[in-house]
Each structure stands twice: as structure tokens, then as C-alpha cells.
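Visitor: Numbering (the numbering used here) for the sequence shown: 279 to 465.
Heads up, the beta-carbon is just placed ideally off N, CA and C, and yes, glycines get one too.
Structure provided below as C-alpha cells; questions to follow.
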Amino acid sequence: MVLSLLAFAPSGFAQDPSQPVGGLSMTSAQSVDGRITSVDANARLVTVAMSDGRTVSGKVSESVGGLDLVKPGDRVHAVFEETVSFVLSGPNTATPTNRAVAGMAASGPDRMPAGVVGSKSVSSWLVVATSVADNTISLVEPAGGQVHTFTVRTPEGRAALPRVMPGDKLTVVHIEFVFAGVMREDR
């Protein structure tokens with residue numbers, strides 16, 4: 279986990295300490311395109327020339343059908359979306375149970391290859407220390423263990439850092455979604 283952002287609503291702890299103090303959610307999305315340059319259906323290896331000039335090779339999962347339909351020149355399109363939410367709570371606030379779920383769906387054998395993968399994780403941490411001078415926050419799992427120190431990188435997060443106190447809780451919700459498919463253009 280890389281904590282690159284920490285920003286919270288301007289509300290303070292003078293309010294009900296059993297309620298979340300504030301939070302932030304960010305979403306980033308990226309899409310990539312390319313063309314198949316080679317296919318080895320028996321070894322399940324595919325090479326793609328990406329639109330940015332890179333060449334990428336990889337093995338296609340056995341769970342993805344239709345690889346025998348793919349030919350050099352077919353187009354590949356993939357979309358990646360990620361949402362990360364941070365919620366800061368006071369020491370007496372109940373936080374969600376840590377958990378992670380993931381799922382996958384792929385094309386059948388009679389269709390061009392396509393697939394989707396999604397995951398969601400929720401993890402709550404206990405604030406051990408903050409350093410305004412170093413722009414860092416140190417967190418540990420509520421049950422204990424190794425302390426992890428992260429750099430707070432945004433101006434909003436750095437401005438909020440003096441209000442984050444040892445004993446506060448930080449819950450991180452991380453959602454990822456990837457879709458990729460192969461298409462044949464009419465020629």
C-alpha cells in the first residue's frame with residue numbers, strides 16, 4: 279500500500295468523536311490500445327505493439343476462451359480504473375472489518391478474447407504518529423504488528439496533517455477494475 283494522498287474535511291474532533299472526521303476519494307482511469315503482432319495459441323503467448331510504441335508479450339490465462347480466433351493485426355483495447363478512498367475517524371469510532379474480494383469473468387471459446395477483473399479491499403489502520411516536519415504518517419494494523427510510515431504528498435494532506443492524532447483511525451477502501459478485449463476491424 280502506498281499512501282500518496284491524505285486529505286480530510288476541515289471539520290475537527292470537537293464534534294462527536296464516534297463519527298468519521300472526514301475523507302477523500304480519488305479515481306484514476308487509463309486506457310491503452312494496441313495491435314496483435316504474433317500469436318502462439320498452443321503456448322497461449324501473445325505479442326502486442328502498443329500505440330505508445332512499446333511492445334508487450336504475455337501468456338493468456340487458460341480461463342480466457344477464443345485465443346484460436348486471434349490473428350496478427352487484431353486490435354486490443356484495455357481499460358484500468360482505480361478508486362482509493364481514505365476516511366479518518368476518531369479513536370472511539372467503529373471501523374469496518376478488513377476484507378478483500380475479487381472476481382473475474384472471461385469470454386467463452388467461440389468469441390474473441392475478452393475479460394474483466396475487479397477487486398475491492400477495505401483496511402483500517404491505527405495512527406501511531408505524524409510528523410508535520412517530515413510530512414509523514416505512521417500506521418499500524420489495529421491488532422498490532424509492523425509500523426508502516428508513509429509520505430503525505432498533496433498540499434491538502436499536508437495542511438490536514440497537524441489535525442491527525444495518534445489513536446485516530448484511517449480506513450482505506452481500494453477498488454480496481456480492468457477490462458481487456460480483442461477486436462477485429464472490418465478490412
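How should V405 be labelled, buried or exposed, when 16 other C-beta atoms within 10 angstroms of its C-beta is the threshold for buried?
Guide: So V405 ends up on the buried side.
Visitor: What ranges does the beta strand (DSSP E) occupy inside the segment 390-425, keeping only unbroken runs of at least 3 residues that lie completely in it?
Guide: Listed in chain order, they are 392-409, 414-418.
Visitor: On the premise that M390 lies in contact with V460, defined as a C-beta separation below 8 Å, what is that separation, rounded to the nearest angstrom?
Guide: Yes, they are in contact, since the Cβ atoms of V460 and M390 sit about 5 Å apart, within 8 Å.
Visitor: Just how far apart, CA to CA, sit Q308 and V357?
Guide: Near 6 Å, if we compare the C-alpha coordinates of V357 and Q308.
Visitor: I'd like the list of long-range same chain contacts for V451, defined as Cβ closer than 6 Å, with 5 residues on each side in sequence excluded.
Guide: Excluding positions up to five away in sequence, the list reads S363, V400.
Visitor: By the 10 Å Cβ neighbour count, where 16 or more other Cβ atoms means buried, how is G312 classified, buried or exposed?
Guide: G312 comes out buried.
Visitor: Restricting to Cα atoms, I'd like to know which of K447, V354, A321 is closest to G393.
Guide: Ranking the options by Cα distance to G393, first place goes to V354.
Visitor: What residue does the beta strand (DSSP E) around A380 start on, and which one ends it?
Guide: Unbroken beta strand (DSSP E) run through A380: 377-384.
Visitor: Please state whether DSSP places R353 in a helix, a strand or coil.
Guide: Of the three classes helix, strand and coil, the one that applies to R353 here is strand, per DSSP.
Visitor: Go ahead and pull the three-state DSSP assignment for A438.
Guide: Helix.
Visitor: Pull up the distance between the alpha-carbon of A438 and that of T429, whole angstroms please.
Guide: Looking at the two C-alpha atoms, the distance is approximately 13 Å.
Visitor: Going by CA-CA distance only, name the one from K398, L448, G423, G445 that's closest to E359.
Guide: That would be K398, whose Cα lies nearest to the Cα of E359.
Visitor: Measuring alpha carbon to alpha carbon, tell me which of V317, G445, L302 ends up nearest W403.
Guide: Among V317, G445, L302, the Cα nearest to that of W403 belongs to G445.
Visitor: Considering only residues of the same chain and omitting the five flanking positions on each side of V442, which have a CB-CB separation below 7 Å?
Guide: So the list reads L366, V405, T408, I415, once near-sequence residues are dropped.
Visitor: Which of the three DSSP states, helix, strand or coil, is assigned to P288?
Guide: At P288 the pLDDT is 33, less than 50, meaning the model places this residue with poor confidence; the figure from the coordinates comes in the next sentence. Coil, per DSSP.
Visitor: Tell me the DSSP bridge mates of S363?
Guide: Its beta-bridge partners are S303, V451.
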